[in-house]
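S.K.:
There are 2 protein chains.
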Amino acid sequence: MAEKNKTKGVPKATIKRLALYARALYRMEMDGETRVSSMALAERLGINPAQVRKDLAYFGQFGVPGYGYRTSELHQKLKSILGTNREIRVALVGAGNLGRALLSYVGFSTQGFRFVAAFDTDQNKIGRVINNIEILSAARMEEIIRESRVVIAVLAVPAQTAQEIANRLVKCGITAILNFSPMRLLVPPKVKVHYVDLALEMESLSFYLNPAYF
Amino acid sequence: MAEKNKTKGVPKATIKRLALYARALYRMEMDGETRVSSMALAERLGINPAQVRKDLAYFGQFGVPGYGYRTSELHQKLKSILGTNREIRVALVGAGNLGRALLSYVGFSTQGFRFVAAFDTDQNKIGRVINNIEILSAARMEEIIRESRVVIAVLAVPAQTAQEIANRLVKCGITAILNFSPMRLLVPPKVKVHYVDLALEMESLSFYLNPAYF
DNA sequence: TAGATTGTTAATCGATTAACAATC
DNA sequence: TAGATTGTTAATCGATTAACAATC
């Protein structure tokens, strides 16, 4: 691939939009739209066409002046940039209500994410099978994560144990954590943590109910 | 309350941080820290102290120069700004795996959010009781939402039905939607939608696994 | 009072948008 | 060729950070 090694310098917001572009392109592809302009894509997402072109420009030149982009081609390019063109092996840590729901979340599997292991410390949960994944004792977590070549860990444990588990994940080579615990994790810089904080989303939404701020 | 009616003009990022401040203050309060400076709070959250002061300044003057903030007092103020000082009535629409997990998510209840109704169209789910909430037929949704004075709807339905359900919610007066479906919802401007897009989070995380962009 | 920390204004930084030459 | 749309540079906008007078 001839794109420049921008290494750093790609805004986080651009990456989020890249995933949105990929999804929109997939749907347009299904609808038989072989061709798409930055304007059409932008309209669909409620953003500015220049934004679309600028975002893509971080990674190369994918369009044809005067024509636009070939839908399927751009879709493939984006998947390859995001790394979702191949299967990505994921482990769940914490098989409570939320964790178990994530194990069978179809939005993950359709995007190429595959849970290959799940862990908990609760004897009542260990041994249960959800979506073909057996919940295992967290005692052997490091070993199994290494053996099964997991690259992303999904953390859905109580706040108190989140940091401790994160430390163990880092030690066995995990560099990407999707964290559902309401805790900021302290990890080495090479490890990327994405936070999904459900209560935070709810609280900030609640703010907008106050008519004084409208 | 003497704070100015800033109506608009409060950045969305500020609101998110407000909820983070409230949480940190709660924990500090529990730890017996009666006093806190913008610097201490900022350090805990990994941000800039001026940011903290600026965020708070949108809503009034809560501190004491040369001293800082009274932990408990600031915590209460923030809760009242966010609206989480009182119970907030929530309805779930879509009682699949994810929806049911949300019904019993303790992070919501500890913050004062209370599910008062849950709806689905699947006969196998209707009648089940989760966390004391009975799953009801979506047919009578509008009526029940109005009667039980629901103010926030949590949407956890498949992508195809999300817009249709959103339309029905808007019609019965809902102005805040927490949307877990991977769909942009078209709603009138007075309705606030927060998106929690699990696949999107996973995809953008996956990007950072590519060593070429590090 | 001396020291500390606020609230706020000004400077900086980064991200979004507009504009347009290049080009299919 | 004329028309359309890209890639990219310059202008704008908004958010973060620094600096400091006010004040407890």
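Note that the protein sequences, when read in sequence, are chains A and B.
First residue of the first sequence: 1, per my numbering; consecutive thereafter.
First residue of the second sequence: 215, per my numbering; consecutive thereafter.
Cβ coordinates follow ideal geometry from the N, Cα and C atoms, glycine included.
Note that the structure is a prediction, hence the values are computed from the model and not measured.
1. Using beta carbons (cut-off 7 Å, strictly below), is residue 119(A) in contact with chain B?
2. So that I know if they touch, is there some Cβ in chain A lying closer than 7 Å to that of residue 375(B)?
3. Quick one: does residue 192(A) have its CB under 7 Å from some CB of chain B?
4. Express the C-alpha separation of residue 388(B) and residue 334(B) in angstroms, rounding to a whole number.
5. Helix or strand or just coil, what does DSSP make of residue 120(A)?
6. Which two residues bound the contiguous beta strand (DSSP E) that contains residue 135(A)?
7. Could you tell me the alpha carbon to alpha carbon distance between residue 63(A) and residue 242(B), rounded to whole angstroms?
8. Counting only beta-carbon separations shorter than 7 Å, does residue 84(A) have a partner in chain B?
9. Decide yes or no for the touch test of the segment 65-76 of chain A against the segment 20-35 of chain A: beta carbon pairs closer than 8 Å, at least 3 of them.
10. Would you report the Cα separation of residue 193(A) and residue 132(A), rounded to the nearest angstrom?
11. Who are the neighbours of residue 235(B) on chain A, taking C-beta pairs under 8 Å?
12. Let's test the definition: count the other Cβ atoms within 10 Å of the Cβ of residue 325(B) and tell me whether it reaches 16, buried, or not, exposed.
13. Could one say the Cβ of residue 341(B) lies closer than 7 Å to chain A's Cβ atoms, at least one of them?
14. Just by C-beta distance, which residues in the segment 410-427 of chain B are closer than 9 Å to chain A?
15. Would the beta-carbon of residue 135(A) fall within 7 Å of that of residue 95(A)?
16. Which residue from 124(A), 140(A) and 171(A) puts its Cα closest to that of residue 188(A)?
17. By the DSSP assignment, the alpha helix (DSSP H) with residue 13(A) in it spans what residues?
18. Any C-beta of chain B sitting closer than 7 Å to the C-beta of residue 62(A)?
19. Just the chain A side, please: which residues come within less than 9 Å of residue 392(B) by C-beta, in chain order?
20. Within its chain, find whatever has a CB closer than 6 Å to the CB of residue 177(A); leave out the 5 residues flanking it on each side and keep chain order.
21. Would you kindly work out how many angstroms separate the C-alpha atoms of residue 291(B) and residue 182(A), rounded to a whole number?
22. Please name the residue, chosen from 19(A), 128(A), 49(A) and 53(A), that lies closest to residue 81(A) on a Cα-to-Cα basis.
23. Residues of chain A with a CB under 8 Å from the CB of residue 311(B): which are they?
24. Tell me which residues share the same chain as residue 269(B) and place their Cβ nearer than 6 Å to its Cβ, disregarding the 5 neighbours each side in the sequence.
25. For residue 260(B), which residues in chain A fall below 8 Å Cβ to Cβ?
26. Considering only the alpha carbon of each residue, which of 240(B), 315(B) and 341(B) lies closest to residue 289(B)?
27. Between the C-alpha atoms of residue 12(A) and residue 423(B), what's the straight-line distance to the nearest angstrom?
28. So is residue 411(B) buried or exposed if we call it buried at 16+ other beta carbons inside 10 Å?
29. Assuming residue 256(B) and residue 265(B) make a contact with CB atoms under 8 Å, what is their CB distance in whole Å?
30. Using a Cβ-Cβ distance cut-off of 7 Å, determine whether residue 157(A) contacts chain B.
31. Reducing DSSP to helix, strand and coil, say where residue 207(A) ends up.
32. Output the distance between the C-alpha atoms of residue 150(A) and residue 191(A), rounded to the nearest integer angstrom.
33. Step through the CB atoms of chain B and report whether any lies within less than 7 Å of the CB of residue 133(A).
34. Return no unless some Cβ of chain A is closer than 7 Å to the Cβ of residue 230(B).
35. So the beta strand (DSSP E) residue 304(B) belongs to, where does it begin and stop?
M.R.: Taking the definition as stated:
1. no
2. no
3. yes
4. 18 Å
5. strand
6. 133-137
7. 53 Å
8. yes
9. yes
10. 27 Å
11. None at all; the shortest Cβ gap to chain A is about 11 Å.
12. buried
13. no
14. 410, 411, 412, 413, 414, 415, 416, 417, 418, 419, 420, 421, 422, 423, 424, 426 and 427
15. yes
16. 171(A)
17. 12-30
18. no
19. 198, 201, 202 and 205
20. 153, 155 and 193
21. 21 Å
22. 19(A)
23. 100, 101, 104 and 105
24. 228 and 231
25. 184
26. 240(B)
27. 14 Å
28. buried
29. 7 Å
30. no
31. helix
32. 14 Å
33. no
34. yes
35. 302-307
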